[in-house]
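Undergrad: Per this note's numbering, the sequence shown starts with residue 2, numbered consecutively. Note that the Cβ used here is the ideal one computed from N, Cα and C, for glycine as well. The structure follows.
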Amino acid sequence: MFDVAVFGSLFLTLFVIMDPPGVTPIFLALTAGRPAKVQRRMALQAVAVAFGVIAVFGLLGQQILDYLHVSVPALMIAGGLLLLLIALDLLTGKTEQPTQTKDVNVALVPLGMPLLAGPGAIVSVILAVQHADGLGGQFSVWSAIVAMHVVLWLAMRYSLVIIRIIKDGGVVLVTRLAGMMLSAIAVQQIINGVTQVIQTS
């Protein structure tokens, strides 16, 4: 049977970690200047990439980490460093006018991963899948994962209206704010990873 408690617990956990309201200004900053059609496609691509990564790790996560001899703290530190590099580009205004290839790349990195499908979300999903009891538990876990990605897509898809309101000057402001937020997320992720390394050593 469908387990409402499992569904609600994982959905709320992923909502806090993946943070659709917090991702929205970063998405607006990274997609600024693209045609609306391209922005909508990038929102879908980012969510599809995030879901693909989370699904793979949900099914094979522990085996992948064990095979590569990669610890969860190392994954957190690597993701944090990648986000920090992107944040610095946003803060210093070094984002270039995109070509079609760059459009795709932004949807993949950093939007799809590690921003949406970051170490926190990956670890939460791995643990939820491992602890789910029976078919009902598994169905509840995967329903929560799908529902969370639908919420992410809706948040990014309909945030594009904001760009039409705030115009170019507002986009520059959003870009700087997004860079600051993203750098804080990145630093916190690195600190968490280093702390876990110290605690386990």
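Are the CB atoms of Leu82 and Leu117 nearer to each other than 8 Å?
TA: No, these two residues do not count as a Cβ contact at 8 Å.
Undergrad: Is the CB-CB distance between Ala203 and Thr196 below 8 Å?
TA: No answer is possible for residue 203: the residues shown for the chain start at 2 and end at 202.
Undergrad: Considering only the beta carbon of each residue, do Met182 and Ile18 sit closer than 8 Å?
TA: For Met182 and Ile18, no; Cβs fall outside 8 Å.
Undergrad: Can you list, in chain order, the residues of its chain with a C-beta nearer than 6 Å to that of Ala179? Leave out the 5 residues immediately preceding and following it.
TA: Pro26, Ile27, Ala30, Leu91
Undergrad: Do the stretch 2–13 and the stretch 66–76 meet, that is, are 3 or more Cβ pairs less than 8 Å apart?
TA: no
Undergrad: If we ignore side chains and look at the alpha-carbon of each, how far apart do Gly171 and Ile164 end up?
TA: 8 Å
Undergrad: Assuming Met149 contacts Phe16 under a Cβ cut-off of 8 Å, what Cβ separation, rounded to an integer in Å, is found between them?
TA: 6 Å
Undergrad: In the DSSP assignment, find the unbroken alpha helix (DSSP H) run with Pro26 in it and report its ends.
TA: 21–32
Undergrad: Can you have a look at Ala185 and say buried or exposed, based on whether 16 or more other CB atoms are within 10 angstroms of its CB?
TA: exposed
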